[in-house]
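**Student:**
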Amino acid sequence: MTAGTAPEEAPDTGASRRGIVALVVWLLVSSVGAVGLLAVQPLIGLDMEVLSPVMFAPAIGALTAWVFVRGGVPRFGTAVSGGPFVIAVLLSLAASAIYFLWVSLVRGAAPEIPGAVAGVPVALMILAQALGALGEEIGFRGLLLHGLNRWTTWPISAVVTGLLFGFWHVQYYGLPPLEFLVFVLGAVALTLTMAAVMVGSFWQRMTICTIIHTGANLALAFTGGDHVALTTFGGAMVVAAVVIVPTALLLRRKGGTAG
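Just so it is clear: in the sequence shown, position 219 is 427 by the numbering used here, and no numbers are missing.
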């Protein structure tokens, strides 16, 4: 679906019902999977700074919905080549750069990329973070966002998806209310950015979302980590959305990208 358009189709009652079932299955399986993967984390001895297996729970939920609720999982556009996809990648990288720049400016310190994280080479840590981000993207910006597009417009779908994604991060529930709410607002802004930029097939869209998601995670990890308030981090995602979303929509209207 192209950003700024109406939902792709007006599905019949049966298709709508299957779509609802798919989303419910996804949510239940993802939630149960998250609990199980959180329990597994300390057993495998993998530091959460490198990778948290819970990030794969949304993908497990999406795969389950795809297997058992045929016709309920949303369809995606055809692959695009050349300029449109290149522009989408560049916009994704620009969003990531804004995350780094904003957090660095507020913190007053440049990013610091270590040689290793928790004993793991930083290159391997970045790869692990990208795989984890892809796992969350398959569920949230893949199945959920596009599933909601059956019934509403892309901005509303993005806001709802962003809210659920923000509240998915239960590890932040103990934060001061304002800090947590700004983080959730940032999650909404993150999703709006992804929805405005993504183009093409399922895997092309997931590539775009993974770049943006990984960029956000690394901006936090390499510019202070736990020493950075989530108000600052959430603010970075809002600032990036203010810059990138209008740019993406303007380019789309001028024919620079295709959904």
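Even for Gly, the Cβ is constructed at its ideal location relative to N, Cα and C.
(1) According to DSSP, is residue 328 helix, strand or coil?
(2) I need the straight-line Cα distance from residue 422 to residue 221, nearest angstrom please.
(3) Report the option in 266, 462 and 454 whose CA atom is closest to the CA atom of residue 339.
(4) Can you give the beta carbon distance from residue 269 to residue 238, rounded, assuming they're within the 8 Å contact cut?
(5) Buried or exposed for residue 362, going by 16 or more other Cβ atoms inside 10 Å?
(6) Using the Cα positions of residue 279 and residue 454, report the straight-line distance between them to the nearest angstrom.
(7) Can you tell me whether residue 286 is buried or exposed? The criterion is at least 16 other CB atoms within 10 Å of its CB, across all chains shown.
(8) With burial defined as no fewer than 16 other Cβ atoms inside 10 Å of the residue's Cβ, what is the status of residue 276: buried or exposed?
(9) Of the residues 332, 388 and 300, which one's Cα is nearest the Cα of residue 456?
(10) Tell me which same chain residues have a C-beta within less than 6 Å of the C-beta of residue 214, skipping the five on either side of it?
(11) Out of 254, 396, 426 and 409, which one is the CA nearest neighbour of residue 371?
(12) How long is the line joining the alpha carbons of residue 354 and residue 415, rounded to whole angstroms?
(13) Are residue 351 and residue 234 closer than 8 Å when you measure CB to CB?
(14) Taking all protein chains shown into account, do 16 or more other C-beta atoms lie within 10 angstroms of the C-beta of residue 412, making it buried, or fewer, making it exposed?
(15) From residue 377 to residue 386, what distance separates their C-alpha atoms?
(16) Which residues in the same chain have their Cβ closer than 6 Å to the Cβ of residue 282, if we skip the five residues on either side of it in sequence?
(17) Along the chain, where does the alpha helix (DSSP H) containing residue 374 start, and where does it finish?
(18) If you compare alpha carbons, which of 230, 256 and 242 is closest to residue 327?
**Tutor:** Quick answer:
(1) strand
(2) 38 Å
(3) 266
(4) 3 Å
(5) buried
(6) 33 Å
(7) Residue 286 sits exposed, since fewer than 16 C-beta atoms from the chains shown fall within 10 Å of its C-beta.
(8) A residue is called buried when at least 16 other Cβ atoms come within 10 angstroms of its Cβ; residue 276 does not meet this threshold and is exposed.
(9) 300
(10) Confidence at residue 214 is low in this model, with a pLDDT of 40, below 50, so the placement of that residue is unreliable and no value is reported for it.
(11) Ranking the options by Cα distance to residue 371, first place goes to 396.
(12) Cα to Cα, residue 354 sits roughly 15 Å from residue 415.
(13) yes
(14) buried
(15) 15 Å
(16) 354 and 355
(17) 362-376
(18) 256
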